[in-house]
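Colleague:
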Amino acid sequence: MNKTEIPDSFPSDPSGAFSLAVDGMGGDGAPEVVVAGLSIAAERHRDLRVLLIGDEARLQPLLAKYPRAAAVCTVWHTDVSIPMDMKPTQALRQRQSSMRLSMDAVASGRAQGVVSAGNSGAMLALAKIVIKTLPGISRPAMAAISPTVKGDVVMLDLGANVVCDWRNLVEFAVMGEAFAKSVLGLPAPTIGLLNIGSEELKGDEKLRVAAETLRESPLAAQFHGFVEGHDITAGTTDVVVTDGFTGNVALKTGEGVLKMATTLLRRVFQSSVLAKIGYLLVRPGLERMKEWLDPRRYNGAVFVGLNGVVVKSHGGTDAEGFAAAVDVAMDMVTHGFNDSIRDRLSHMGALLSGQKVAEEREVAVPVS
């Protein structure tokens, strides 16, 4: 738990703990985008109760403008915020920042989750130090949802851990499965380990050990095996597990391909009169595709493996996108995301320890 003392003046919710602590000053469009997003989210979640942290002089006029948000929000004032370009080490020293106080609220049990559109590096650093990792989890990971031809896929890690070992990958699988259950509502999500091929002998040692461990674990029936890059968008599995370096490259590549396809389509449909007529004919289908691929629907990356729900909204999102991030956080709070992880880990602890011991013994045996 957080060692920082929470002042007696900390706002309270008569119904108990707040659903979420929200950083009111994080993001390019804060605080208006944050309050407008909470107004949208309040319509979707009738039990939403928000501790909104930030500059009261700026927040109160916005709450008057958005009465739905005002009905679910309690303001905790601070005039300190974390700039988007501040280094994590500097952010850690800003103990009265809106982001830090949001983390304090979760660490103290006053709120069940935190949502911020602020500085990603600062947010991860604060989450690790203030909220801390779940027992049994060696490293938190960043997870997010992406579209596929079959539906949605959960992918992790997306950049929190550049270098991972086999145990990290197994833990990511546990957390990804719990995330898919909570947010996508899947009863038994399938899991794939991202590799350079689907054959069992492909990849390095950490991938093969992680795969063997998952095949012997309670997740064995849901473990698909190795998947390749094209399997991500094909929807081969519901969860794709990889290290943070590979995951971040895959994510940014996918975003780039989508932008390129959009640019090329625009050029094609503007190239001639016949092309413009063709656009009018296919416009309804293109609008549906645009809606399906709208990045605001997938806003809300999650730092999983922490002692609380921590959701990172894109800094440049609008109100709809911020509301989507709140949706993710509320789904995780409502469906007991962390309880699901704890339950899985309680059944896998011996397996993980046994695998590690077996590896150490194998290394200790001299080669004849």
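The sequence shown lines up with residues -19 to 348 when you count with our numbering. Glycine is no exception: its CB is placed at the ideal position from the N, C-alpha and C atoms.
1) Can you list, in chain order, the residues of its chain whose CB lies under 7 angstroms from that of L72, leaving out five sequence neighbours each side?
2) Opposite M5 in the DSSP bridges: which residues?
3) From V133 to G156, what distance separates their C-alpha atoms?
4) Report yes or no: do the region 207 to 226 and the region 252 to 263 share at least 3 C-beta pairs separated by less than 8 angstroms?
5) With 9 angstroms as the threshold, decide whether the Cβ of I171 is near any Cβ in chain D.
6) Within the continuous beta strand (DSSP E) that includes V163, where are the two ends?
7) Skipping 5 residues on each side, what residues in its chain have a beta carbon closer than 8 angstroms to that of P167?
8) Of the choices S(-1), L18, A123, whose alpha-carbon is the least far from that of D218?
9) Does the Cβ-Cβ distance between G93 and V291 come in under 9 angstroms?
10) Roughly how many whole angstroms lie between the Cα atoms of V2 and M103?
11) In three-state terms, what does DSSP make of D132?
12) Cα separation between V284 and A121?
13) Anyone know if the C-beta pair for V129 and T213 falls short of 9 angstroms?
14) Would you identify the three-state DSSP class for I33, choosing helix, strand or coil?
15) Could you compute how far the alpha carbon of F(-2) sits from the alpha carbon of S178?
16) What three-state label does DSSP hand M310 in the structure shown?
17) So, using beta-carbon positions, are V13 and K45 closer together than 9 angstroms?
18) Is DSSP giving A124 helix, strand or coil here?
19) Can you give me the Cβ contacts of L43 inside the same chain, cut-off strictly under 7 angstroms, excluding the 5 residues immediately before and after it?
20) Let's test the definition: count the other Cβ atoms within 10 Å of the Cβ of L261 and tell me whether it reaches 16, buried, or not, exposed.
21) Does T383 pass the burial test, meaning 16 or more other C-beta atoms within 10 Å, or should it be called exposed?
22) Give me the Cα-Cα distance between I171 and F203, rounded to the nearest whole angstrom.
23) Using the C-alpha atoms, what's the distance from G296 back to D274?
24) Once the 5 residues before and after A10 are set aside, which same chain residues still bring their CB inside 7 angstroms of it?
25) To the nearest angstrom, how far is it from the Cα of M79 to the Cα of M310?
26) So which of H57, G7, N279 has the shortest CA-CA distance to I33?
Modeller: For this structure:
1) Position 92 of the sequence shown, counting from 1, holds the residue named residue 72. Only A105, L106, I109 meet the Cβ criterion.
2) Here residue 5 refers to the residue found at position 25 when the sequence shown is read from its first residue. The secondary-structure analysis by DSSP pairs M5 with nothing; it has no beta-bridge partner.
3) Here residue 133 corresponds to residue number 153 of the sequence shown, with the count starting at 1. Here residue 156 corresponds to residue number 176 of the sequence shown, with the count starting at 1. Going from the Cα of V133 to the Cα of G156 covers about 10 angstroms.
4) no
5) The structure shown contains no chain D; it holds only a single protein chain.
6) Walking along the sequence shown from the start, residue 163 turns up at place 183. V163 -> no beta strand (DSSP E), and no H or E assigned at all.
7) Within the sequence shown, numbered from 1, the residue matching residue 167 stands at position 187. Within the same chain, P167 has close Cβ partners K161.
8) The count along the sequence shown starts at 1 and reaches residue 218 at position 238. Considering only alpha carbons, the answer is A123.
9) By one-based count along the sequence shown, residue 93 stands at place 113. By one-based count along the sequence shown, residue 291 stands at place 311. Yes.
10) Locating residue 2 in the sequence shown gives position 22, counting from the first residue. Locating residue 103 in the sequence shown gives position 123, counting from the first residue. The straight-line gap from Cα to Cα measures roughly 12 angstroms.
11) For the purposes of this step, residue 132 is taken as the residue at position 152 of the sequence shown. Strand.
12) One-based indexing of the sequence shown puts residue 284 at position 304. One-based indexing of the sequence shown puts residue 121 at position 141. The straight-line gap from Cα to Cα measures roughly 5 angstroms.
13) Position 149 of the sequence shown, counted from the first residue, corresponds to residue 129. Position 233 of the sequence shown, counted from the first residue, corresponds to residue 213. With respect to the 9 angstroms criterion, V129 and T213 are classified as neighbours on the basis of their beta carbons.
14) If you number the sequence shown from 1, residue 33 lands on position 53. I33 sits in a strand when the DSSP states are folded into three classes.
15) Stepping through the sequence shown from its first residue, residue -2 is reached at position 18. Stepping through the sequence shown from its first residue, residue 178 is reached at position 198. Taking the straight line from one Cα to the other gives about 45 angstroms.
16) Against the sequence shown, residue 310 aligns to sequence position 330. When secondary structure is reduced to three states using DSSP, M310 falls in the helix class.
17) Residue numbering aside, residue 13 sits at position 33 when the sequence shown is read from its first letter. Residue numbering aside, residue 45 sits at position 65 when the sequence shown is read from its first letter. Contact flag unset, no.
18) The count along the sequence shown starts at 1 and reaches residue 124 at position 144. Note: A124 maps to strand in three-state DSSP.
19) Numbered from 1 along the sequence shown, position 63 holds the residue referred to as residue 43. Closer than 7 angstroms at the Cβ level, and outside the excluded window around L43, lie V15, A49, A50, C53.
20) In the sequence shown, the residue the question calls residue 261 occupies position 281. So L261 ends up on the exposed side.
21) For residue 383 there is no data in the structure shown, the boundaries of the chain being -19 and 348.
22) Along the sequence shown, read from residue 1 onward, the residue named residue 171 stands at position 191. Along the sequence shown, read from residue 1 onward, the residue named residue 203 stands at position 223. Cα-Cα distance, rounded: 5 angstroms.
23) In the sequence shown, the residue the question calls residue 274 occupies position 294. In the sequence shown, the residue the question calls residue 296 occupies position 316. Using only the alpha carbons, I get a separation of about 14 angstroms.
24) Walking along the sequence shown from the start, residue 10 turns up at place 30. Sequence-distant Cβ neighbours of A10 in its own chain, meaning closer than 7 angstroms and more than five residues away, are G4, A97.
25) For the purposes of this step, residue 79 is identified with residue 99 of the sequence shown, where counting begins at 1. For the purposes of this step, residue 310 is identified with residue 330 of the sequence shown, where counting begins at 1. In a straight line, the C-alpha of M79 is about 18 angstroms away from that of M310.
26) Within the sequence shown, the letter at position 53 stands for residue 33. Taking only the C-alpha atoms, the option nearest I33 is H57.
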